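Written below as structure tokens is the structure these notes are about.
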Amino acid sequence: MTENTGPVVEDDETFDNSHVLDPAATQDSQETISAEIKDIHDSASGETQPRVNFPPYRSSLLRHPTKDMHHTDPETIELWSPAFGHRDVHTLESDLTVQGNGEPLGERMVVRGRVLDGDGRPVRNQLVEIWQANASGRYVHKRDQHPAPLDPNFTGVGRTITDDKGFYEFTTIKPAPYPWKNHHNAWRPAHIHFSLFGTDFTQRMITQMYFPGDPLFSLDPIYQSITDQKARDRLVATYDHNVSTHEWNTGYYWDIVLTGSNRTWMEGDTDAH
Ligand SMILES: [Fe+2]
Numbered sequence: 005m006t007e008n009t010g011p012v013v014e015d016d017e018t019f020d021n022s023h024v025l026d027p028a029a030t031q032d033s034q035e036t037i038s039a040e041i042k043d044i045h046d047s048a049s050g051e052t053q054p055r056v057n058f059p060p061y062r063s064s065l066l067r068h069p070t071k072d073m074h075h076t077d078p079e080t081i082e083l084w085s086p087a088f089g090h091r092d093v094h095t096l097e098s099d100l101t102v103q104g105n106g107e108p109l110g111e112r113m114v115v116r117g118r119v120l121d122g123d124g125r126p127v128r129n130q131l132v133e134i135w136q137a138n139a140s141g142r143y144v145h146k147r148d149q150h151p152a153p154l155d156p157n158f159t160g161v162g163r164t165i166t167d168d169k170g171f172y173e174f175t176t177i178k179p180a181p182y183p184w185k186n187h188h189n190a191w192r193p194a195h196i197h198f199s200l201f202g203t204d205f206t207q208r209m210i211t212q213m214y215f216p217g218d219p220l221f222s223l224d225p226i227y228q229s230i231t232d233q234k235a236r237d238r239l240v241a242t243y244d245h246n247v248s249t250h251e252w253n254t255g256y257y258w259d260i261v262l263t264g265s266n267r268t269w270m271e272g273d274t275d276a277h
């Protein structure tokens with residue numbers, strides 16, 4: 005998806021509608037989608053992870069798993085999987101604004117936070133990868149063909165390793181919302197995709213970070229596929245003036261909790277946007 009020499013991250017952002025159960029579904033109105041979301045939320049309670057079958061998210065109907073997951077023996081996997089160390093990740097890979105010949109356009113921002121386990125302990129030496137749209141809402145991806153400009157100085161991908169206190173930090177450009185074909189006039193709230201690998205590939209987790217106050221939250225069937233408000237809130241970063249720096253960048257803070265009751269929402273196989 006990119007000519008960047010950094011991480012190769014799987015990204016299935018797509019704007020064709022071949023995966024939609026019924027192509028006519030893309031003509032559904034926002035009112036139809038919002039009413040379906042409300043009905044589901046009204047009958048739900050205490051679910052902190054997204055439903056894999058969430059009909060307002062149209063393509064989840066065909067793509068959600070219908071059988072139990074295949075349980076892999078982690079000890080066998082660990083014999084074969086590559087391991088990541090500090091030498092594999094260059095410090096510049098966490099700065100998405102220095103990957104081109106010039107500076108990318110848009111609002112320069114830093115996002116910082118910690119990766120924590122369910123008891124609040126830092127998770128050290130964790131590979132954290134991100135990918136995102138640019139300041140126009142466009143991904144560097146052949147399947148993203150909606151009419152917004154690419155930025156030759158922005159690939160939208162980066163990675164880093166958490167430090168001894170579990171902190172990660174990325175310098176990037178604030179992504180914009182973008183359209184998708186779930187329904188008529190459907191727009192994703194601005195977000196950054198995060199991937200964490202844990203200690204082996206069987207533990208890979210993918211989630212999304214959002215920005216505070218986004219007016220698209222209530223309309224978005226992916227964000228709303230988590231029926232618990234507090235669990236949704238945990239996906240939203242906080243504006244942090246201590247992360248902002250004078251005349252250079254705005255700052256956001258966002259912790260990722262891997263386990264326990266405050267676990268951050270992690271995507272299943274069905275989520276791609
Ligand atoms: Fe996305």
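For the sequence shown, the numbering used here begins at 5 and goes up steadily by one.
We put the beta carbon where it would ideally sit given N, CA and C, even for glycine.
Just so it is clear, the structure is predicted and the values come from calculations on it, not from any experiment.
For this session: Please name the residue or residues paired with leucine 200 in a DSSP beta bridge.
Result: In the sequence shown, residue 200 corresponds to position 196, counting from 1. Its beta-bridge partners are Val132, Met209.
Problem set entry | Selection from His45, Ile260, Gly104 that minimises the alpha carbon distance to phenylalanine 198 | As a first step, residue 198 is located in the sequence shown; it is residue number 194 there, counting from the start. Among His45, Ile260, Gly104, the Cα nearest to that of phenylalanine 198 is on Ile260.
Problem set entry | Beta-carbon proximity check, serine 248 vs threonine 242, cutoff 7 angstroms | In the sequence shown, residue 248 corresponds to position 244, counting from 1. In the sequence shown, residue 242 corresponds to position 238, counting from 1. Contact flag unset, no.
For this session: Confirm, please, whether the CB-CB distance from glutamine 130 to valine 114 is below 7 angstroms.
Result: Within the sequence shown, residue 114 is the residue found at index 110, counting from 1. Within the sequence shown, residue 130 is the residue found at index 126, counting from 1. For valine 114 and glutamine 130, no; Cβs fall outside 7 angstroms.
Exercise. Does the beta-carbon distance from proline 179 to tryptophan 191 come in below 7 angstroms?
Worked result: Position 175 of the sequence shown, counted from the first residue, corresponds to residue 179. Position 187 of the sequence shown, counted from the first residue, corresponds to residue 191. No, these two residues do not count as a Cβ contact at 7 angstroms.
Exercise. Considering only the beta carbon of each residue, do threonine 166 and arginine 128 sit closer than 7 angstroms?
Worked result: The count along the sequence shown starts at 1 and reaches residue 166 at position 162. The count along the sequence shown starts at 1 and reaches residue 128 at position 124. Taking 7 angstroms as the Cβ cut-off, threonine 166 and arginine 128 qualify as a contacting pair.
Exercise. Is the closest heavy atom of ligand 1 to the C-beta of alanine 277 under 6 angstroms?
Worked result: Numbered from its first residue, the sequence shown carries residue 277 at position 273. The amino acid at residue 277 is misidentified as alanine; the sequence shows histidine. Yes.
For this session: Apply the 10 Å Cβ neighbour rule to glutamate 251 and answer buried if 16 or more other Cβ atoms are within range, or exposed otherwise.
Result: Along the sequence shown, one-based indexing puts residue 251 at 247. Per the 10 Å Cβ criterion, exposed.
Problem set entry | Segment contact, 8 angstroms Cβ cut-off, at least three pairs: the region 220-230 with the region 39-59 | yes
Exercise. What number of angstroms, rounded off, separates the C-alpha of histidine 94 from the C-alpha of histidine 195?
Worked result: Indexing the sequence shown from 1 puts residue 94 at position 90. Indexing the sequence shown from 1 puts residue 195 at position 191. Taking the straight line joining both Cα atoms gives about 24 angstroms.
Problem set entry | Own chain residues within Cβ distance below 6 angstroms of threonine 171, not counting five before or after | Numbered from its first residue, the sequence shown carries residue 171 at position 167. As written in the sequence, residue 171 is phenylalanine, which differs from the threonine given in the question. So the list reads Arg118, once near-sequence residues are dropped.
Exercise. First and last residue of the alpha helix (DSSP H) that includes threonine 159?
Worked result: Position 155 of the sequence shown, counted from the first residue, corresponds to residue 159. Looking at the DSSP string, threonine 159 is not in any alpha helix (DSSP H), and its letter there is neither H nor E.
Exercise. Taking the C-alpha atoms as reference points, what is the distance between proline 59 and threonine 70?
Worked result: Sequence index remark: in the sequence shown, residue 59 carries index 55 (1-based). Sequence index remark: in the sequence shown, residue 70 carries index 66 (1-based). The alpha-carbon atoms of proline 59 and threonine 70 are separated by roughly 14 angstroms.
For this session: Spell out the partners DSSP gives phenylalanine 174 in its beta bridges.
Result: By 1-based counting over the sequence shown, the position of residue 174 is 170. For phenylalanine 174, which the question treats as bridged, DSSP gives the partners Val115.
Problem set entry | Nearest neighbour of proline 219, chosen from Val240, Ala152, His45 [CA to CA] | Working through the sequence shown from its first residue, we reach residue 219 at position 215. The shortest C-alpha separation from proline 219 is found at Val240.
Exercise. What did DSSP end up calling aspartate 99 once you bin it into helix, strand or coil?
Worked result: For this step, residue 99 is matched to residue 95 along the sequence shown. Three-state DSSP puts aspartate 99 in a strand.
Problem set entry | Among Asn186, Asn138, Thr176, nearest to threonine 30 - alpha-carbon criterion | Stepping through the sequence shown from its first residue, residue 30 is reached at position 26. Of the listed residues, the one whose Cα sits closest to threonine 30 is Asn186.
For this session: Report yes if the CB atom of glutamine 136 is closer than 7 angstroms to the CB atom of glycine 106, and no otherwise.
Result: One-based indexing of the sequence shown puts residue 136 at position 132. One-based indexing of the sequence shown puts residue 106 at position 102. Not closer than 7 angstroms, so no.
For this session: Please name the residue, chosen from Gly104, Ile134, Asp224, that lies closest to glutamate 35 on a Cα-to-Cα basis.
Result: By one-based count along the sequence shown, residue 35 stands at place 31. Of Gly104, Ile134, Asp224, the residue nearest in Cα terms is Asp224.
Exercise. Looking only at DSSP bridge pairs, what is glycine 255 linked to?
Worked result: By 1-based counting over the sequence shown, the position of residue 255 is 251. DSSP output for glycine 255 lists Val114 as bridge partner(s).
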